[in-house]
Ligand code: NAD
Ligand code: DAU
């Protein structure tokens, strides 16, 4: 496969679902909302978007499509079997993409129960209702049906500086309650394929960044804090490494896997952009110095503050994405520094969005997570 295949894929996946409905779970969150917006913008078909609207779900992300007849938003829980059964009966989807999850590592350290409930019990209930629906389909519809589970690279654990990047055969070694709950959900997906032959696909992606990310995660937190003259908290020595991928590249990869991935397979997705946290923070500060010279504190790097480390903090993640490149032709398109600049610009242009998500409960979270982290 070559790069040309990716370009053609827009046409191929458009044809595959253009007269069909897909279910997207967690489509009011960061990646899910980016995915739904892109799916509709590329006219790929109808979407039923089911989301519980936890603190991380935000209907404002979907403002531009809320009255679009190709998009139906339904509030509900993936752990609610009766709710799911009703949706399957009513809308007969051709595919399900499961983004719904509790997704923040620090929150999982403060309280793992919600992670087990949604990521494990929720995924199980979703699989079970999907299986019942799929087993009632005609032979050809059942053959075409797909259940795509969106997982993470964190299930593979941590890497030393000289280790090769994670491949699809790297052994699971989850280190946080979040990663453990995602690993458990992956195993359930695998088991439903192996035991019942449910046509599943699983993706493992590295750190995403871009518009609509909730400011508990590093990049939007830095931008929100820096523009208000607040400290930029760096856990530990700041030398932890993440492999960054712009969110639209992740969304494209999911569409490619959905349309062309081999049933039962797993695909790693990464940006080939490994950076130390401290370097990322300096890059954000430099962009902000240029784009937002009116901040209370300039240069923004003056706000950098090393704080107590995250317990069990994984040192390094890195993805080997050669399988999805070789088999499906996907490659990331957005260079890290270009994506970072677009992201900073988006947050600066959407102060109302930031103000809305950082009001109320967000403040409780910030106090809980950062007050006990005195300066390192
Ligand atoms: P997010 O926290 O921004 O969004 C999660 C969404 O799921 C929210 O809209 C929330 O309301 C919804 N949700 C939570 N519990 C639910 C439930 N029980 N039923 C229905 N909806 C529920 O997360 P995100 O960063 O967009 O991540 C989406 C998926 O991608 C997750 O599965 C995550 O593990 C995975 N992932 C994320 C990244 C990343 O860097 N953000 C990287 C790799 C994989
Ligand atoms: O690798 C994929 C994963 O990436 C996803 O599965 C998760 O859902 C997603 O949250 C993300 O996990 P991380 O823990 O890597 O992301 P986070 O933005 O929380 O942190 C990124 C790095 O920055 C990490 O090394 C911790 C550090 N950090 C984070 C915060 C919030 C800080 O130094 N200070 C902070 O205040």
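In my numbering, the protein residues as written are 410 to 785.
The beta-carbon is built from N, C-alpha and C at its ideal position, and this holds for glycine as well.
Keep in mind the model is a prediction, meaning the values are calculated, not measured.
- Judged by the Cβ position, residue 618 fails to qualify as a neighbour of ligand 2 at the 6 Å threshold, every heavy atom of the ligand being at least this far.
- In the displayed model, residue 590 falls within a helix according to three-state DSSP.
- Taking a cut-off of 8 Å on C-beta distances, the stretch 705–718 does not touch the stretch 548–565, as fewer than three cross pairs fall below it.
- Close CB contacts of residue 737 within its chain, under the 7 Å cut and outside five residues either way in sequence, are with 410, 665, 666, 669, 670 (chain order).
- In the three-state DSSP reduction, residue 692 falls in the helix class (H, G or I).
- Counting only the Cα atoms, residue 562 lies some 8 Å from residue 678.
- Residue 433: not part of any alpha helix (DSSP H); member of the beta strand (DSSP E) spanning 430–434, first to last residue.
- For residue 654, the enclosing beta strand (DSSP E) starts and ends at 650–655.
- DSSP places residue 642 inside the beta strand (DSSP E), whose first and last residues are 641–644.
- Between residue 618 and residue 656, the beta carbon gap of about 7 Å places them in contact (Cβ cut-off 8 Å).
- According to the DSSP assignment, residue 635 belongs to the alpha helix (DSSP H) that extends over 627–636.
- The continuous alpha helix (DSSP H) containing residue 731 extends over residues 731–737.
- Ranked by how close their Cα comes to the Cα of residue 610, the residues 662, 586, 633, 646 have 662 in first place.
- For residue 558, the three-state secondary structure derived from DSSP is strand.
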